[in-house]
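Peer 1: One structure, as structure tokens, below. Some questions next.
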Amino acid sequence: MLRFKQEFTEAKGCEVIVLNKSKIDWTDYTWNPVTGCYHTCPYCYARRQSARFAGDVRLNLADPRCERYQGQEGFYILHEPFITRNERSISYPFGFAPTLHEYRFDWPGKVKNGANIFVGSMTDLFGYWVPDEWIQLVFTACERFPQHNYLFLTKNPKRYSALARARKLPSADNFWYGTTLTHEGDDVYTPVGINTFLSIEPLLEPISFTVSGDLSFKFSSPWVIVGAETGRREGKVVPEKAWIRDIVNHCREVGTPVFMKESLRELMGEEFLQEFPVGLLRKEPSLKLKKKLWETCKFCGVENPKKEMIALLYRKKRGESAKRLGYACPKCFSKLAQAK
């Protein structure tokens with residue numbers, strides 16, 4: 001699996017985009033046009049990472065490039081990478097304060113083939129504090145590169161519902177809206193006609209399906225991700241095998257694929273699963289690449305990868321170079337052969 005990773009180099013004095021293996025094993029890339037979060041989760045890896053790559057926040061806040069969003073204290077906008085005097089690029093110059101990185105809007109376009117992109121691994125894009133304008137700017141950037149699947153994740157699914165009521169939540173097949181569920185009483189978002197998923201990570205307690213207020217409706221999402229708490233936090237919860245089995249068994253009953261994170265591999269052994277919904281297995285190439293590598297069947301008009309199709313060639317007489325009439329998909333070619 002791959003993702004965007006920021007490498008910091010004093011030699012070039014710029015933020016470099018490279019491809020690297022991702023620690024988030026259910027996605028190909030991560031993309032963070034917005035960073036920062038007001039949640040206070042004790043197990044948060046993003047807060048630790050932002051502190052590591054923040055530099056001197058007090059000095060950065062005094063910098064003329066520190067632009068406050070609509071003059072609000074604690075909300076910032078960056079139009080370009082934040083380069084220090086010693087030519088180092090700082091990814092989180094304002095620490096974990098909410099920040100809009102406008103210069104990152106075109107990053108998905110750097111990946112030509114369709115991929116699964118997790119949007120906002122360093123924030124909760126749908127947190128109560130995030131301005132509507134920021135969310136809409138991110139949606140617009142996603143829509144510019146429709147070859148990708150975009151996966152969002154929030155602990156505040158009511159924001160999804162509010163945006164949907166206002167008709168501001170894209171419902172295209174390549175938009176996936178996830179909800180983090182750590183306790184069985186947490187709210188989720190499972191509307192009809194929109195791609196959703198559940199992320200039960202970290203799993204902090206057993207999830208019961210027989211208590212009052214049955215959880216079955218919560219697991220009607222097309223996908224469920226399960227993971228254990230990682231890190232060395234004092235009081236870290238280690239899930240029991242039976243907890244995961246209960247989730248898997250219920251998902252099997254409703255036909256939901258289950259993806260277990262690597263943190264569960266040792267615990268689950270031969271029962272370890274990493275399943276994807278069909279929609280995330282199907283990835284579209286960019287329009288430019290599709291034009292080069294895909295062809296339309298002469299008979300049914302359906303587009304397919306050129307390597308999966310049969311070229312239709314002809315020549316008027318022996319010894320003459322063959323000319324291509326077009327391509328046929330295997331199904332149509334089989335019918336053509338049988339007709340002869």
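Each residue of the sequence shown is one higher than the one before, starting from 1 at the first, in UniProt numbering. We put the CB at the ideal spot given by N, CA and C, even for glycine. Owing to the predicted nature of the structure, the values given are computational and were not obtained by experimental measurement.
Look up R245 in the DSSP assignment and say whether it is helix, strand or coil.
Peer 2: Looking at R245 - three-state DSSP - the assignment turns out to be helix.
Peer 1: Verify whether the separation of the beta carbon atoms of D124 and C251 is less than 8 Å.
Peer 2: Contact flag unset, no.
Peer 1: If you draw a straight line from the C-alpha of D106 to the C-alpha of A141, how long is it?
Peer 2: 7 Å
Peer 1: Should L78 be labelled buried (16 or more other beta-carbon atoms within 10 Å of its own) or exposed?
Peer 2: Counting other Cβ atoms within 10 Å of its Cβ, L78 reaches 16 or more and is therefore classed as buried.
Peer 1: Using only the alpha-carbon positions, how far apart do V57 and Y92 sit?
Peer 2: 9 Å
Peer 1: So the beta strand (DSSP E) V224 belongs to, where does it begin and stop?
Peer 2: 224-226
Peer 1: So within the region 138-225, which uninterrupted alpha helix (DSSP H) runs reach at least 4 residues, ignoring any that extend past its ends?
Peer 2: 158-165
Peer 1: Could you please give the first and the last residue of the uninterrupted alpha helix (DSSP H) stretch that includes E102?
Peer 2: Here E102 belongs to no alpha helix (DSSP H), and DSSP marks it neither H nor E.
Peer 1: CB A97 to CB G74, shorter than 8 Å?
Peer 2: yes
Peer 1: To which residues of the same chain is P146 closer than 7 Å at the C-beta, ignoring the five residues directly before and after it?
Peer 2: Annotation for P146: N174 place their beta carbon closer than 7 Å to its own, counting only its chain and skipping 5 residues before and after.
Peer 1: DSSP beta-bridge partners for K323?
Peer 2: Y314
Peer 1: So who's on the other strand from residue 351, going by DSSP bridges?
Peer 2: With the chain covering 1 to 340 only, the question about residue 351 has no answer from this structure.
Peer 1: With H, G and I counted as helix, E and B as strand and the rest as coil, what does DSSP make of W134?
Peer 2: helix
Peer 1: Quick one: is Y76 near chain C, going by C-beta distance under 8 Å?
Peer 2: Included in the structure is just one protein chain, with no chain C present.
Peer 1: Contact defined as beta carbons within less than 8 Å: I believe P202 pairs with G227. What is the distance between those atoms, to the nearest angstrom?
Peer 2: 6 Å
Peer 1: In this structure, does DSSP put A328 in helix, strand or coil?
Peer 2: In this structure, A328 counts as strand in the three-state DSSP scheme.
Peer 1: I need the boundaries of the alpha helix (DSSP H) containing N60, first residue and last residue.
Peer 2: 57-61
Peer 1: Apart from the five residues just before and just after A115, which ones in its own chain have a Cβ nearer than 7 Å to its Cβ?
Peer 2: D28, Y29, H148, K283
Peer 1: Are Y160 and Y189 close, meaning C-beta to C-beta below 8 Å?
Peer 2: Yes, these two residues count as a Cβ contact at 8 Å.
Peer 1: Using C-beta distances below 6 Å, list every residue in its chain close to V258, excluding the 5 sequence neighbours before and after it, in chain order.
Peer 2: V224, V248, C251, L273, E275
Peer 1: Please say whether F82 and V119 have beta carbons closer to each other than 8 Å?
Peer 2: no
Peer 1: With 16 other CB atoms within 10 Å as the buried threshold, where does Y45 fall?
Peer 2: exposed
Peer 1: Could you have a look at M260 and say whether DSSP puts it in helix, strand or coil?
Peer 2: Note: M260 maps to strand in three-state DSSP.
Peer 1: With DSSP as the reference, label L267 as helix, strand or coil.
Peer 2: helix
Peer 1: Could you pull the start and end residues of the alpha helix (DSSP H) that V111 belongs to?
Peer 2: Per DSSP, V111 lies in no alpha helix (DSSP H) and is assigned neither H nor E.
Peer 1: For G279, name the three-state secondary structure that DSSP assigns.
Peer 2: helix
Peer 1: Which partner residues does C297 have in the DSSP bridge list?
Peer 2: Y327
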